[in-house]
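Enquirer: Residue numbers (the working numbering): 122 to 542.
Please find one structure pasted underneath; my questions will follow.
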Amino acid sequence: MSARSLAVLGFVIALTVVSFRTFRNAEIPGSPMLPRYGLCDFRDAVYYPVRALLEGDNPYRPSTYRARYPVGSKFPLYAPLILAIDLPFGLLPERVAGIAHYAFNVLCILLVAHLSLRLCAARSDLTLTLALAAAILLGRPGNTTLFTGECTAYLCIGTFLALGWAESRPWIGGLGVALASLKPTFGVPLGLLMLARRDQRRALANGVMLTTVGSAAIAGVLVHAAGGVLPWLESLRENYLTLSATSETYAGASVLALDAAAFVDRLLGHAPGAALARVEAVVSLTVLAIGIAAVGFAARARNRDRHFVAVTVVCLTVLLSVHHQAYDALLLTLPIAAIASGRCSPALGPRTRWFLLFLLLVPWVNYAATYGFIDRLQVAGWTKLLITSANGGALLTAFAVSVTVLLAGDDAGVAEPSVGT
């Protein structure tokens, strides 16, 4: 059997496994309280927010949104532009829309695989793209993205477009920034990291403009639905204040969280509360500041090998500096591909390269850090702490290693290429 046939077979098997699991456990339209979680995030954060927009309601106010629509959780504080992108799905019946969005997510994962291979200067033919896509589907982030109907794949595509084309094609890079900014926990840290590089600021400005114009158009409809500017702003405030109301949205209490603040919260063993906000802010700002400083330093030494280490630092900074769940580790596809293909080898060295690859793969293989595993086996105490902290601990270690390599690298070398060309 040829390599391409094996890749096709592997992708088909992986997709079949994930699809069977998803649709066997798919949520039942109109019954959000049933313990069925397939496509649940599609229902709550894609389909019914668009339905609310079309019906003249404001999906950002949790109290009215949850009362009027059969959803299991609130609509997060995404940029209003995401409602325009998801609009076609809201025009269909819920079950049909869920299947269409699932197929769209599969295509997005294929694009994530293709972009990752292209940007790390590896072969990006169909065989390798399908092989990497199969690995993504079997890994926890890709599996969860499809299972719950997350929008993470869009955000990763946007981030990769920004990282690959910001210097050579600022409008493509700007489009990437706009896509990443659909979820502020991606867009804000990415924008600050790009601001540290003078050659990426034009793309950043383009992205901010696209996001602002697109979001403003949708926000006008939402303001009318809310009854004015002040009621709409109050709905955003209400939405924000509910962030710590459940374990799913509170970083330290969530089994799924992998950011630095969640890691520290678990070690401290504190319950959610205002007293912890200062600790979270210090941890998040420290990681962000270190990432910005390292990326800015690397920009002054345009070296091809260090460039891919800098990309790794960018992706890790985005994931660690603000609240992120395990499925957001799909963003690690690009650094994993770059390290596995050897694009970082001269800068890292063989031992560091394989150690860093191992650390980045931890969130992809850590299926124990799930509510199903923890609750079913009644895991508690130090065992639970170890399992739920493994992702954050691995990524923090990878961040420290990458930053150290970046800051200690030799400035001499081949000029950094524009990887998007």
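All C-beta atoms, glycine included, are put in the ideal place defined by N, C-alpha and C.
Just to confirm the assignment, what range does the alpha helix (DSSP H) spanning isoleucine 149 have?
Expert: Taken as a continuous stretch (DSSP letters only), isoleucine 149 belongs to no alpha helix (DSSP H), as it is neither H nor E.
Enquirer: Note down the Cα distance separating glutamate 288 from glycine 328, rounded to an integer number of angstroms.
Expert: Glutamate 288 and glycine 328: Cα-Cα distance of roughly 13 Å.
Enquirer: Can you name, in chain order, every residue of its own chain whose Cβ lies under 6 Å from the Cβ of leucine 198, other than the five neighbours on each side?
Expert: Contacts found: Asn360.
Enquirer: Within its chain, find whatever has a CB closer than 7 Å to the CB of glycine 394; leave out the 5 residues flanking it on each side and keep chain order.
Expert: Any reading at glycine 394 must be qualified, since the residue scores a pLDDT of 45, below 50, and its modelled position is unreliable; the value itself is stated next. Excluding sequence neighbours, glycine 394 sits near nothing in its chain.
Enquirer: Is serine 184 buried or exposed, if buried means 16 or more other CB atoms sit within 10 Å of its CB?
Expert: Exposed: under 16 other Cβ atoms inside 10 Å.
Enquirer: Here's a check: name, in chain order, each residue in its chain whose Cβ is nearer than 7 Å to the Cβ of arginine 125, leaving out the five neighbours to either side.
Expert: Closer than 7 Å at the Cβ level, and outside the excluded window around arginine 125, lie Leu247 and Thr248.
Enquirer: Helix, strand or coil for alanine 378, going by three-state DSSP, please let me know.
Expert: Alanine 378 falls in the strand class under three-state DSSP.
Enquirer: Alpha carbons only, please: which of Gly285, Thr333 and Ala431 is nearest the one belonging to leucine 469?
Expert: If we check each option's Cα against that of leucine 469, Ala431 comes out closest.
Enquirer: Would you report the Cα separation of alanine 234 and serine 336, rounded to the nearest angstrom?
Expert: Taking the straight line joining both Cα atoms gives about 28 Å.
Enquirer: Please determine, among Thr269, Ala283, Leu481 and Tyr168, the residue with the shortest C-alpha to C-alpha distance to serine 302.
Expert: Nearest of Thr269, Ala283, Leu481 and Tyr168 to serine 302, Cα basis: Ala283.
Enquirer: Starting from the C-beta of threonine 250, find all residues in its chain whose C-beta is less than 6 Å away, skip the five residues before and the five after it, and write them out in chain order.
Expert: Only Ala234 and His235 meet the Cβ criterion.
Enquirer: Which residue marks the beginning of the alpha helix (DSSP H) containing tyrosine 84, and which one marks its end?
Expert: Lying outside 122 to 542, the shown extent of the chain, residue 84 is not represented and no answer is given.
Enquirer: So is threonine 454 buried or exposed if we call it buried at 16+ other beta carbons inside 10 Å?
Expert: Threonine 454 comes out buried.
Enquirer: CA-CA distance, isoleucine 293 and alanine 299?
Expert: Going by the C-alpha atoms only, they are around 10 Å apart.
Enquirer: Within its chain, find whatever has a CB closer than 7 Å to the CB of threonine 491; leave out the 5 residues flanking it on each side and keep chain order.
Expert: Closer than 7 Å at the Cβ level, and outside the excluded window around threonine 491, lie Val376.
Enquirer: Specify, as a first and last residue, the run of the alpha helix (DSSP H) that histidine 235 falls within.
Expert: Here the alpha helix (DSSP H) through histidine 235 covers 215-240.
Enquirer: Rounded to a whole number of angstroms, what is the C-alpha to C-alpha distance between alanine 382 and asparagine 146?
Expert: In a straight line, the C-alpha of alanine 382 is about 32 Å away from that of asparagine 146.
Enquirer: Among residues of its own chain, excluding the 5 on either side of proline 153, which ones have a beta-carbon nearer than 6 Å to its beta-carbon?
Expert: Around proline 153: Pro191, Val192 and Gly193.
Enquirer: Measuring only the C-alpha atoms, how far is alanine 392 from leucine 362?
Expert: Per-residue confidence for alanine 392 stands at a pLDDT of 45, beneath the threshold of 50, marking its modelled position as unreliable; no derived number is given.
Enquirer: Give every residue of the same chain whose Cβ lies closer than 6 Å to the Cβ of serine 442, excluding the five residues on either side of it in the sequence, and list them in chain order.
Expert: Answer for serine 442: Pro310, Ser405, Val408 and Leu409, listed in chain order.
Enquirer: Quick one, are the C-beta atoms of arginine 290 and tryptophan 485 less than 8 Å apart?
Expert: It is not a contact, given that the beta carbons lie outside the stated cut-off.
Enquirer: Is glutamine 499 helix, strand or coil by DSSP?
Expert: If DSSP states are grouped into helix, strand and coil, glutamine 499 belongs with coil.
Enquirer: Using three-state DSSP, classify glycine 159 as helix, strand or coil.
Expert: Three-state DSSP puts glycine 159 in a strand.
Enquirer: I need the straight-line Cα distance from alanine 521 to leucine 313, nearest angstrom please.
Expert: Cα to Cα, alanine 521 sits roughly 19 Å from leucine 313.
Enquirer: Quick one: Cα of isoleucine 134 to Cα of glycine 219, how far?
Expert: Approximately 21 Å between the Cα atoms of the pair.
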